[in-house]
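Position one of the sequence shown corresponds to residue 15 (the working numbering), numbered consecutively onward.
Every residue gets a Cβ at the ideal spot worked out from N, C-alpha and C, and that includes glycine.
Step one of this worksheet: look at the structure below.
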Amino acid sequence: VSLGPLYQLLLTAGTERIDDIGIYAFSKNQLRYIPQISAYLSMVPEQTQPLNVWRVFKIERQTDVAQLIDILKTSVNLYEQIEVLATLCMLEGVAFDTGLGRPERTVTVADLLEEVYIQAGKAEQWQIVRRAAGLLGKMDVNLSDAVTELLVRQKYVTVGKAYSDDSLIRDPMPHSEILEKITHYCGDDERDRVLTQEILVYLSVLIKAEPALFKGLLTLRVGYLILLLTSELAREQKIPRDEAYDRLTALSPYDAKMLLRQVLASYSGLDKTLFKQESLHAKINTPVTWGVVPEQVKAEPDTEDWWRKRQIEGELTRLPEDFYLQVWEMLHHCKGVIIGDKLDRRNRVDSESVLSEMTPGETNFARRLDHLLTKIHAPEYRHLTIEALRELAALFQGNPDLQFDDYIALDVLTGHAVRLAWVADSPNRIGFYEQQKAAAWSSFYQRSPKDCALYIAKALQFLAELAEAEESNPEKAPEVA
Numbered sequence: 015v016s017l018g019p020l021y022q023l024l025l026t027a028g029t030e031r032i033d034d035i036g037i038y039a040f041s042k043n044q045l046r047y048i049p050q051i052s053a054y055l056s057m058v059p060e061q062t063q064p065l066n067v068w069r070v071f072k073i074e075r076q077t078d079v080a081q082l083i084d085i086l087k088t089s090v091n092l093y094e095q096i097e098v099l100a101t102l103c104m105l106e107g108v109a110f111d112t113g114l115g116r117p118e119r120t121v122t123v124a125d126l127l128e129e130v131y132i133q134a135g136k137a138e139q140w141q142i143v144r145r146a147a148g149l150l151g152k153m154d155v156n157l158s159d160a161v162t163e164l165l166v167r168q169k170y171v172t173v174g175k176a177y178s179d180d181s182l183i184r185d186p187m188p189h190s191e192i193l194e195k196i197t198h199y200c201g202d203d204e205r206d207r208v209l210t211q212e213i214l215v216y217l218s219v220l221i222k223a224e225p226a227l228f229k230g231l232l233t234l235r236v237g238y239l240i241l242l243l244t245s246e247l248a249r250e251q252k253i254p255r256d257e258a259y260d261r262l263t264a265l266s267p268y269d270a271k272m273l274l275r276q277v278l279a280s281y282s283g284l285d286k287t288l289f290k291q292e293s294l295h296a297k298i299n300t301p302v303t304w305g306v307v308p309e310q311v312k313a314e315p316d317t318e319d320w321w322r323k324r325q326i327e328g329e330l331t332r333l334p335e336d337f338y339l340q341v342w343e344m345l346h347h348c349k350g351v352i353i354g355d356k357l358d359r360r361n362r363v364d365s366e367s368v369l370s371e372m373t374p375g376e377t378n379f380a381r382r383l384d385h386l387l388t389k390i391h392a393p394e395y396r397h398l399t400i401e402a403l404r405e406l407a408a409l410f411q412g413n414p415d416l417q418f419d420d421y422i423a424l425d426v427l428t429g430h431a432v433r434l435a436w437v438a439d440s441p442n443r444i445g446f447y448e449q450q451k452a453a454a455w456s457s458f459y460q461r462s463p464k465d466c467a468l469y470i471a472k473a474l475q476f477l478a479e480l481a482e483a484e485e486s487n488p489e490k491a492p493e494v495a
């Protein structure tokens, strides 16, 4: 049984026209919400196709509101419309008057998002439905009840990446507080916020119908479940994880629920598969020197508070003069690099595309890197990402024959560096990293750049050796600290 406002249920319901309903009449209260009919934007189904990364990049970087409105006036592609509206949300907010209804009425960004939401629902373009819902801050009416159902069955819930204890839900709470946690911890991708709500509702349904699926799971980490769902699609369809995440958000609600059930049914096996998918397949013709550190890092003066220094440097986004050239050279050694959220296709810098279409000193290349770094909201993590890029560049410079057949996701690489550093400090932490992740990250931010660079290198070595071990013995599960 699904509960919710009629206008939301209509998006997935079948319809039948009944001309004669006898003496029955609807009350005015039942008709107080009338779905808005699309009147300001056009849509041609055949031309509603996903945009390429460069088109998305141009829209995201556009700051001229008038030009964005002009795109909306002529666009017939829902993917383009939602991208433009997302940029307008960031620049002006949802209450901004777009001027498309003048002089008769005010048409805000929120009005147009609602329009796109309804049109996408009719066309079953679920990725756009989820993104529009996220931008509008829509909330599933069953959310609070779903979380309470899970808590009653003695399951804790975490949302987002769960690097903070505050993302843990131990007690029932109202819709608004749950949504606030989701918004805060689920990052910048609006689809993720909506998908998190959906998964919480699906979990509450599945735990009642098939409680055996949850055996041994004391804490339901929704962010991790999304990662497993993405991993399963990537494995089945043999595609990169960022593409798999796009396909996950494009699944119908029913298909998403069935995939979640499938993941829960084979949870332990998928856990190992996910870890293997993070491995990096290297071509190594000569011995690799892993302990290479950038020259600038060696000369860094000591400081008492590296975390604070990283926050300041990250706010200013200071980059070395040769930074862009270093990243350019690095792209000759791998398929590409993912800067920021590893599941967001827009964050991928593809080596083949960049090296064939651009020159090292080209402004567009520098702008692309700047844009991806600026999208990282936490200044200390932004600076840590810059440090990771510099360390990779130094490693490849010191090992010119080293090649990787994969995209290097800085999210993944840095995460393993944090884990390796945390366990190295105290071997008795082995097996407890997931519970101590917040403390591990805090500790890593306080390390010197030289220390961090060495652990970034160790993480790259670990992921390369993981792939090598998998190729020699694919049945053996990797050992994780």
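Continuous beta strand (DSSP E) stretch holding residue i: start and end
i: Val351; result: Gly350 to Ile352
i: Leu234; result: Thr233 to Arg235
i: Asp364; result: Arg362 to Asp364
i: Thr62; result: That residue, Thr62, is in no beta strand (DSSP E); it is neither H nor E in DSSP.
Separation of residue j from residue i, as counted between CA atoms
i: Thr428; j: Gly113; result: 45 Å
i: Lys349; j: Gly151; result: 36 Å
i: Pro49; j: Arg275; result: A caution first: Pro49 carries a pLDDT of 49, below 50, which makes its placement in the model too unreliable to give a value.
i: Glu479; j: Gly412; result: 19 Å
i: Glu485; j: Met104; result: 45 Å
i: Pro188; j: Trp304; result: 51 Å
i: Thr122; j: Asp154; result: 23 Å
i: Leu477; j: Thr287; result: 14 Å
i: Ile196; j: Ile37; result: 46 Å
i: Asp111; j: Thr101; result: 14 Å
i: Met372; j: Ala80; result: 29 Å
i: Tyr395; j: Gln325; result: 8 Å
i: Val365; j: Phe418; result: The sequence given here places Ser at residue 365; Val does not occur at that position. So the two alpha carbons sit approximately 12 Å from each other.
i: Leu127; j: Val98; result: 10 Å
i: Pro315; j: Glu327; result: 14 Å
i: Asp319; j: Trp455; result: 14 Å
i: Arg207; j: Phe71; result: 22 Å
i: Leu333; j: Ile73; result: 25 Å
i: Glu250; j: Ile400; result: 33 Å
i: Val236; j: Ser178; result: 14 Å
Cβ distance (whole Å) where residue i is taken to contact residue j below 8 Å
i: Ala270; j: Glu343; result: About 41 Å; that fails the 8 Å criterion.
i: Leu234; j: Leu227; result: Not confirmed; about 11 Å, so no contact.
i: Pro308; j: Glu405; result: 6 Å
i: Asp185; j: Leu165; result: 7 Å
i: Ala431; j: Cys466; result: 7 Å
i: Lys169; j: Leu232; result: 7 Å
i: Val277; j: Leu339; result: Wrong, their Cβ atoms sit about 43 Å apart, outside the cutoff.
i: Leu82; j: Glu129; result: With 8 Å as the limit, Leu82 and Glu129 do not qualify as a contact, their Cβ atoms being about 16 Å apart.
i: Glu246; j: Leu284; result: 6 Å
i: Arg359; j: Asp260; result: 6 Å
Within-8 Å CB hit, residue i to chain D
i: Val341; result: The chain labelled as chain D is not found in the depicted structure, where only one protein chain is given.
Continuous alpha helix (DSSP H) stretch holding residue i: start and end
i: Asp159; result: Leu157 to Val166
i: Thr88; result: Val79 to Thr88
i: Ile298; result: From DSSP, Ile298 is part of no alpha helix (DSSP H); its letter is neither H nor E.
i: Ile444; result: Per DSSP, Ile444 belongs to no alpha helix (DSSP H) and is neither H nor E.
i: Tyr421; result: No alpha helix (DSSP H) holds Tyr421; the beta strand (DSSP E) holding it covers Tyr421 to Ala423.
i: Thr101; result: Leu92 to Glu106
With 16 other Cβ atoms within 10 Å as the buried cut-off, status of residue i
i: Glu212; result: buried
i: Ser181; result: buried
i: Gln133; result: buried
i: Leu398; result: buried
i: Gly375; result: exposed
i: Ser10; result: With the chain covering only 15 through 495, there is no way to say anything about residue 10.
i: Arg75; result: exposed
i: Tyr268; result: exposed
i: His347; result: buried
Nearest residue (CA-CA) to residue i, options the options
i: Met57; options: His391, Glu74, Val90 and Glu94; result: Val90
i: Ser440; options: Lys195, Ser457, Asp425 and Leu424; result: Ser457
i: Ile298; options: Glu482, Phe110, Pro117 and Asp206; result: Glu482
i: Val67; options: Tyr54, Pro59, Tyr93 and Gln81; result: Tyr93
i: Arg544; options: Leu474, Val215, Lys356 and Pro393; result: Examination of residue 544 is not possible in this model, given that the chain is present from 15 through 495 alone.
i: Leu294; options: Lys472, Tyr268, Ile32 and Val70; result: Lys472
i: His385; options: Ile353, Ala467, Thr373 and Val306; result: Ile353
i: Gln449; options: Ala80, Lys87 and Thr172; result: Thr172
i: Glu138; options: Gly107, Leu193, Thr62 and Val166; result: Thr62
i: Pro393; options: Glu118, Leu330, His346 and Phe418; result: Leu330
i: Leu209; options: Arg167, Val161, Ser178 and Arg145; result: Arg145
i: Val426; options: Phe71, His346, Asp256 and Thr377; result: Asp256
i: Met272; options: Leu243, Leu357 and Lys252; result: Leu243
i: Gly148; options: His198, Asp420 and Ala223; result: His198
i: Ala264; options: Val351, Ile142 and Tyr459; result: Ile142
i: Arg69; options: Ser266, Leu345, Asn378 and Ser218; result: Asn378
i: Ile96; options: Leu241, Glu204 and Leu383; result: Glu204
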